[in-house]
Structures are given as structure tokens and as C-alpha cells.
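Just so you know, this note's numbering puts 506 at position 442 of the sequence shown, and the rest follows in order with no gaps. Built from N, CA and C at the ideal position, the CB exists for glycine as well. The structure appears right after this line, and notes come after that.
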Amino acid sequence: MERWEGRRSVVNADHSVRGDAAADTGAGAGPARVLLWLVVAVLAVRQVAVVLRQPPGERLLDLETWIGENGVLHMTGSLYDSGRFTGTPFAGLVLKPLTATAQQTLGVAWTFGSLLLVVALGLVAAKALPAPVGPRTALLAAPVAISLVMLSLPVRNALHLGQTSILPVLLVLLAWFVVRDHRAAGVLVGIAAAFQPVLVLFAALLWLTGRRQASVSAGATFALATAIAWAAAPKDSWTYWVHHLAGAGLGERPDSLANQSLHGALLRLGLEGPLEIALFLALSVAVVVLGLRRAVRYAEDGQLLLAVAVTGCVVVGVSPTAWQHQLLWVLLAVVGKVGKRASDRLVWPSVVVLAVTLPGTMLLPNIEALFPVRDNILLLAALGAACLAPFLPRTSPYWQHPVPTDYAKPVAARWRRVPLLPFWRRVFTRPNLLLELLLIRVVYDAYAQVRLAARAGRPLAEEHGRQIHAIEQWLHIDIEHWVNHTVVKIDWLREFFDYYYSTFHFIVPLTILGVLYVRRPADYRWVRSSIGFATLLALVGFWLYPLAPPRLMPGLGFIDTVHGVQDFAKPDYGTLTTVTNQYAAMPSLHFGWSLWCGVVIVMLAPKLWMKALGLLHPLFTIAAIVATANHWVLDAVGGALVVALGFGLTYVLSGPRKLVDEEREAAAEPAEPPPTAPAAAEAEPVPAGKQEAAHSG
Numbered sequence: 065m066e067r068w069e070g071r072r073s074v075v076n077a078d079h080s081v082r083g084d085a086a087a088d089t090g091a092g093a094g095p096a097r098v099l100l101w102l103v104v105a106v107l108a109v110r111q112v113a114v115v116l117r118q119p120p121g122e123r124l125l126d127l128e129t130w131i132g133e134n135g136v137l138h139m140t141g142s143l144y145d146s147g148r149f150t151g152t153p154f155a156g157l158v159l160k161p162l163t164a165t166a167q168q169t170l171g172v173a174w175t176f177g178s179l180l181l182v183v184a185l186g187l188v189a190a191k192a193l194p195a196p197v198g199p200r201t202a203l204l205a206a207p208v209a210i211s212l213v214m215l216s217l218p219v220r221n222a223l224h225l226g227q228t229s230i231l232p233v234l235l236v237l238l239a240w241f242v243v244r245d246h247r248a249a250g251v252l253v254g255i256a257a258a259f260q261p262v263l264v265l266f267a268a269l270l271w272l273t274g275r276r277q278a279s280v281s282a283g284a285t286f287a288l289a290t291a292i293a294w295a296a297a298p299k300d301s302w303t304y305w306v307h308h309l310a311g312a313g314l315g316e317r318p319d320s321l322a323n324q325s326l327h328g329a330l331l332r333l334g335l336e337g338p339l340e341i342a343l344f345l346a347l348s349v350a351v352v353v354l355g356l357r358r359a360v361r362y363a364e365d366g367q368l369l370l371a372v373a374v375t376g377c378v379v380v381g382v383s384p385t386a387w388q389h390q391l392l393w394v395l396l397a398v399v400g401k402v403g404k405r406a407s408d409r410l411v412w413p414s415v416v417v418l419a420v421t422l423p424g425t426m427l428l429p430n431i432e433a434l435f436p437v438r439d440n441i442l443l444l445a446a447l448g449a450a451c452l453a454p455f456l457p458r459t460s461p462y463w464q465h466p467v468p469t470d471y472a473k474p475v476a477a478r479w480r481r482v483p484l485l486p487f488w489r490r491v492f493t494r495p496n497l498l499l500e501l502l503l504i505r506v507v508y509d510a511y512a513q514v515r516l517a518a519r520a521g522r523p524l525a526e527e528h529g530r531q532i533h534a535i536e537q538w539l540h541i542d543i544e545h546w547v548n549h550t551v552v553k554i555d556w557l558r559e560f561f562d563y564y565y566s567t568f569h570f571i572v573p574l575t576i577l578g579v580l581y582v583r584r585p586a587d588y589r590w591v592r593s594s595i596g597f598a599t600l601l602a603l604v605g606f607w608l609y610p611l612a613p614p615r616l617m618p619g620l621g622f623i624d625t626v627h628g629v630q631d632f633a634k635p636d637y638g639t640l641t642t643v644t645n646q647y648a649a650m651p652s653l654h655f656g657w658s659l660w661c662g663v664v665i666v667m668l669a670p671k672l673w674m675k676a677l678g679l680l681h682p683l684f685t686i687a688a689i690v691a692t693a694n695h696w697v698l699d700a701v702g703g704a705l706v707v708a709l710g711f712g713l714t715y716v717l718s719g720p721r722k723l724v725d726e727e728r729e730a731a732a733e734p735a736e737p738p739p740t741a742p743a744a745a746e747a748e749p750v751p752a753g754k755q756e757a758a759h760s761g
């Protein structure tokens, strides 16, 4: 008991030191802090607006179901007769007094109250970061934490539904990091468990970490709250605890995607009956044992917030039903440090933040083999945090000093202010594959969403089409109609161009990126940046200049060889599907990406025949986009322009592409590991550039 008290005192002292250091921080972090708090305010206003602008029947759905005019809590029968109330009987007793509140007033108060809970949760989490923490981090941690919590799927879902799931998380954090009295801390944990029974595992964590008085208090509070509910509503308590086995089966179907627990995943995999129950219980026991052991180890190491997050992730996995609004624990696991190299430090937090803030469909492509991962991505993140992620202990020499990133020597620039961004430096080492795949997937999905959102009316798109056609006639380059009809008459040529248009657009760029990632990582980075800039610039073109392609221009006689005959009598004929914008023709990324491929191959391919083969791809592509009537010739000119600008921006930011032999040899040499002891790490001075890289991780 005394040993644990000593550990708590050390942690509290660390927090005090961090506070003093933060006060001494220079003015450099001031503008960033103001900007971050402004982001928090904007997000809060947006969340309130999103909730309150919804029609009454589409907002605060669960709250309306419970305490609305005809809500469950107004009924004289059982809380669970309709199957719409999923909380504990104790939660029903707490919510029942709210039934007399005016609905409009309650909706506003509930939303603002939930946002205040989010702010409090972010402040507590920022205060609980494991020491040592730099003064800049201590200063910026609170607004960043609040922003991440507010953007997370669990909080957005809870605000939309009017759920109480934010409160138990905050109660647990207050018990661990704010309340000093052990009995009071246990009471908070017990009340949290009264709302969500599986949170009683935190009482076990209290016991295993030496806070036995708090553990007993938590168990007693949970038992007392449950007993009060039994005395006040014995029938409901029997229904919840016995008939539904602590709430299992209430609400949505347990095999729905909203249930991100082991039980839900097993049901989605097709298991059912006694076999599924036995497997679920066995896996739950394994997760509880392994997860709590890891949590105790992190608590003893001084990483109390990580210990709480790991235990919360165990709760997610072993709960019979873990609905999306109950999964905030996964986001808290972002505080764990994973990776010995500075370049790998961003992988774990990126995976966690993306999994908790974006739907699985944005993180993984629509491939059937990936459905089990995509449908259970939050559960997998929780299990990874609870059982698998190799979090570093604070005693590790890599905790403060990860293996620094090797940067190329700055190259001479033609303009005095190049490169414009001091942090945009050439890196020799290969980027982390998982982080790179996530980046490519998320950016592409965002590109697809923006491209889809950049819709325009048919009249404007057709007017722009007539403008482009007139310009081409004036320039005598309006060859689209002749090429289109010539190719249509030759079956094998039409089939070839249809296949080339539909397939090579993605295969060739991804192949080039894959080869460069494996064989030429230093070149991979600037090549990837250049195509990224070109794609972003193309989005601006789609938005500002919606353009109907030749195949969607009535009266000009073009034949759509890929999509088939269009019915121009229908107002929405140009839509074709709900997942693409048919008027995003200028600039042509089909040609732009193919030209990018040709330029990269010519610049980097070692053989002359490879360079010649690379030039064929943009030639075949421009022939395909014209022959299939999917683009005008000037669309290809626009595609070439954005690619040129993409290469230009990359040059302006990072200077000319110049890798001398000594730099290549330096890239091939393995980086030296840091000292094997913290004391040695302090004795070894680290160059300024490498210090910056290390702390950036």
C-alpha cells in the first residue's frame, strides 16, 4: 500500500513539474495554442449546430426514445418491454426525473452538457499524460485532446443519439487522476459501473495496483446502486440482469456492425449457439487476463493513463455489446509510445486516430477479403491496445530518444527562399509501410469524396463543354469525333481502349510507387509528393470548372464505348452511378497520372528500353480517353498542367532532386542505435537536426 502511495506521489510531482515547465515555455507556442483553442471552439459550435439543426424526430434519438412524450420512461410497464431502452435499471432511475423537462429545452441543455463533459474529459486526459512531457506538449495537449475527443466517432455518435456514454469514461478518469481520496475515487468507479456494468473491471485494476480501499469502495458502490435499482424496480432488474444477462440482446441486433465486441464479431463470422458462447467466454477470459496484466505493468511504470486506456479496451472486447458510442477508450490508447525509430512513432497514434475518427470504408477498400477487418476495425484496434501493441516502458532508452531520422544534406537552390518549409527535408530511409498505405487510402478516399461533392448542374457543365469544343475547333484540334467513330468500327481496338481506360489508370501508378518504395525509398518520397500535389490541384479544377465530357454532350453524336448508350431524355442521365461525378473532366487525371508515370520512368529507369516503354503509357492513355469519348483533347492539356505544377511544388518545397553518391551510401548504412541506458543517452549529445527529428516522433 505504501509502495503504491509513493508511486502516486511521484506521478503527481511529475504533473507539477510539467505545469512549471509549461509556464516557462517561450512565446513560440502561443500562436499555435490560440489556433488550437479556436479549432476547439469551431468544432464545438459545429457539433451543436449539427445536432440542433436536425428535425426533432432525427436528433437525440435515444434520448427521445427514453424521455420523449411517449418515451419508455413515461410508460407504466417494464423499461425493457419495447426493447428500446438499453441502459441499466439504475440508469433508468437517474434519467426518469428528466421526463418532466420540456423537450426543446432538454435537447439544448443535454447537447451543451455533453460538450462540457467532453471538454472536462480532454482536460483530465491532457493532465494525465505520462511524464516526462516537454513544455510545448504540456501547453498544447489540452486543446489537441479535446479536439480529438470531439471528432471521434464515439462522441459524435453519443451527441447524435443523446447517450450517456461520455459520463462513465469521465468518472473513471476523475477517479484515477483528480480525486485524491481513495474512497471517493472508488465511489466514482462504482457509479460508472452502475451505468455500464463491465466497467467493474476497473475495480479489479484498482485492487491489482495496490489501491485496495478504492477497489472495495468501487465494488460496494456498484453493489449498492444495483441493490437500490432492484428495490425500486425488481421486475426491470430481473429482466436486465437475469433474462438479458446484464443487457445482452437489448437494442440493435448483436451481430450488427454497431456492436464492436468479440461477441458481435463472432456472430458476424457465422458462429452461433453454444459453440459461439463458449468461444466468446474463452476469448474473453484470455483478453481480461492478458489485458489486466499489461495494464498493471504500465501503471507500475508510471503510465497510468495508458493503463486506464488498456483496461477500457479490455472492456470493449469482452462486453456482450459494445456500441459505437461506448468505444472512447480506444482513443485514449493513443498515449502509448510504440516504436524505437522516430520515423515509426507516428504509426500507432495515426492508426488509432484514423480508426476512431473515420468509418472503416474510408480506411480499407471495398474488397471482399478485407471485409472482416473493415467491419471490425474498432474492435481490432481495442484488442491491439489491450493485448498486442508493444508499448515502450519509461525506462527504455528509446522513450525520450528514438533512433533519429537520417536527412539528406540540403541541396543548393536557385531561389534564396527555397525550400520554403524548413521541416520539408529529404529523408533517406523508407517510410513505414502501414502508415504509407493508410495515408494513400485516406487521401484517395477524401479525393473521391471531394470529387463527388464538386457536382454542378447539367446546363453549366454542357455550356462549358460547348466552350471547350469551340476552342478546339478554332485551334483545329477537334479530333474527338473522328477518333471515336473510327475506333468504334474496329471491335478489337475498341475493346483494347475500353480495357486500357478502365484498368491501367490505377495499376501503373500504384506499381511505380510500389517499386520505388522497395528499391528507391529516397526517390519514392518526392515522387509520391508530386502526384499528391497534382491530384489536389485537379480537385480545384473539378470544383471551379465542371465540364461535360464528349460522351455526355447531346447533339454531337459521340458514342460512349465504356458505359453504353446514354438516355439524354432523362435529367440525371449524366450521373450513371451515385459514387462518381461525371462532370469532373477538366483536368483529365487519366492523362495527368499517365504523364506523371512517363516522366518518373524516364527520370529514374536505368535502361533505355524502360524509358521508351514508359513513354508509351501516356500516348496510349490520351488515345484511350479520346477514343472512348471520356475527355476532350484540352482535358489532357489540363492534366499535363497540374502534373507540371505538382513537380514544381515539390521542387519549390524540397529543392532540386539531387542525390550524390555519398548520400546514397549514407542511406544504405544502418542507423546507430541510441545508448542502452538513459544516463548514457543524456551523456551523448545529439545533433540539433536529429534532436528535432527525435522529438517530432
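Under the 10 Å beta carbon count, H138 is surrounded by fewer than 16 other beta carbons and is classified as exposed.
The stretch 414-453 is shown to contain whole alpha helix (DSSP H) runs of 4 or more residues at 424-427, 435-439, 441-447, in chain order.
Within the same chain, Cβ atoms closer than 7 angstroms to the Cβ of S383 are found at V262, S325, the five residues on either side in sequence being excluded.
The C-alpha of A295 lies about 57 angstroms from the C-alpha of L497. Between the alpha carbons of C451 and K404 lies a gap of roughly 19 angstroms. With three or more CB-CB distances shorter than 8 angstroms, the stretch 591-600 counts as touching the stretch 574-583. Following the DSSP letters along the chain, one finds I292 inside the alpha helix (DSSP H) bounded by residues 276-296. The beta carbon of M426 sits closer than 7 angstroms to those of V506, D509, all from its chain and outside the five residues before and after it, given in chain order. Each residue's CA atom was taken as its position, placing I131 and T169 some 13 angstroms apart. Secondary structure note for G141: it is in no alpha helix (DSSP H), with a DSSP letter that is neither H nor E. Scanning its chain for C-beta atoms nearer than 8 angstroms, with the 5 sequence neighbours on each side dropped, one finds around F241 the residues V188, K191, A192, L368, L369, in chain order. Taking a cut-off of 8 angstroms on C-beta distances, the stretch 227-234 does not touch the stretch 272-284, as fewer than three cross pairs fall below it.
Secondary structure of R405 (DSSP, three-state): strand. Around the Cβ of F344, a 10 Å sphere holds 16 or more other Cβ atoms; the residue is buried. DSSP lists V491 as the bridge partner or partners of Y471. Annotation for L620: H533, H545, P614 place their beta carbon closer than 8 angstroms to its own, counting only its chain and skipping 5 residues before and after. Assignment of E559 by DSSP, reduced to helix, strand and coil, places it in the helix class. Per DSSP, the continuous alpha helix (DSSP H) segment holding F154 begins and ends at 153-159. A distance below 6 angstroms between beta-carbons, with the five flanking residues on each side excluded, links M214 to the following residues of its chain, in chain order: L107, V182. Counting C-beta pairs with one atom in each stretch, the stretch 693-712 and the stretch 653-661 have three or more that are closer than 8 angstroms, which means they touch.
Cβ contact annotation for F286 (same chain, cutoff 6 angstroms, sequence separation greater than five): G254, A257, A258, V264, in chain order.
The Cβ atoms of L270 and A282 sit closer than 8 angstroms to each other. In the three-state scheme derived from DSSP, where H, G and I count as helix and E and B as strand, K675 is classed as helix. For the set Y609, P95, D587, the Cα lying nearest the Cα of T714 is the one of D587.
DSSP, read as helix, strand or coil, puts M650 in coil. Take the alpha-carbon of D145 and the one of V306: they are about 15 angstroms apart. In this structure, the alpha-carbon of Y471 lies about 45 angstroms from that of L223. If you ignore the 5 residues before and after A289, its C-beta comes within less than 6 angstroms of the C-beta of F154, A258, all in its own chain and listed in chain order.
Pairing P585 with R494 gives a Cβ-Cβ distance under 8 angstroms. In the three-state DSSP reduction, G656 falls in the helix class (H, G or I). The C-beta separation of K675 from I665 comes to about 6 angstroms, placing the pair in contact by the 8 angstroms criterion. Rounded to whole angstroms, the Cβ separation of A419 and V394 is 7 angstroms, and the two are in contact under 8 angstroms.
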